[in-house]
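**Student:** Be aware that the sequence shown starts at 2, since it is given in this note's numbering, and climbs by one per residue. In this text, a Cβ means the ideal position worked out from N, Cα and C, and glycines have one as well.
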Amino acid sequence: MYAYSNDHDYFSTSHEQNFLNLNKITKITSKECKCIEEQTRGQNTNDRWHEERGKRIQSSNYHRICAATEKTSLVGLASTIVQGQVVRQNEAMRHGCKYEKNCDKHL
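Here it is, written out as structure tokens:
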């Protein structure tokens with residue numbers, strides 16, 4: 002892949018940047034943002050939400066990346082970010098899931 006990317010330099014942007022742009026990972030318009038928000042309602046019960054979430058680094062993973070040291074297994078870190086981890090719900094998360102449907106009534 003390295004050779005392919007470096008031997009084909011006739012594009013105005015890199016293959017990596019083309020991928021990011023095509024998949025709307027680094028730049029999205031306000032209209033696209035609103036569309037994604039509408040299509041991802043329901044969060045973990047919504048397949049599109051999982052798809053969009055998989056394209057981005059969540060805040061908990063961002064901290065893990067910033068806190069990585071030379072002792073950190075970067076392969077292991079990347080693997081858990083890409084493949085995900087099992088999340089154990091705490092009481093606050095269970096409460097949020099239980100009452101999420103009703104929260105817009107109070108706004």
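Can you tell me whether DSSP reads Y11 as helix, strand or coil?
**Tutor:** coil
**Student:** Identify whether A79 lies in helix, strand or coil by the three-state DSSP scheme.
**Tutor:** helix
**Student:** Can you grab the Cα-Cα spacing for the pair N111 / E33, in whole Å?
**Tutor:** Residue 111 is absent from the model: the chain starts at 2 and stops at 108.
**Student:** Assuming contact is defined by CB atoms lying nearer than 8 Å, are L75 and R65 in contact in what I supplied?
**Tutor:** No, Cβ-Cβ distance for L75 and R65 is not below 8 Å.
**Student:** What beta strand (DSSP E) runs, 3 residues minimum, are completely inside the stretch 45-76?
**Tutor:** Runs of the beta strand (DSSP E) inside the stretch 45-76: none found.
**Student:** Report the three-state DSSP secondary structure of I29 (helix, strand or coil).
**Tutor:** coil
**Student:** Nearest CA to the CA of Y100: which residue from G43, I82, I58, T81?
**Tutor:** G43
**Student:** Compare the C-alpha of I82 against each of S61, T70, N91 and name the closest.
**Tutor:** If we check each option's Cα against that of I82, S61 comes out closest.
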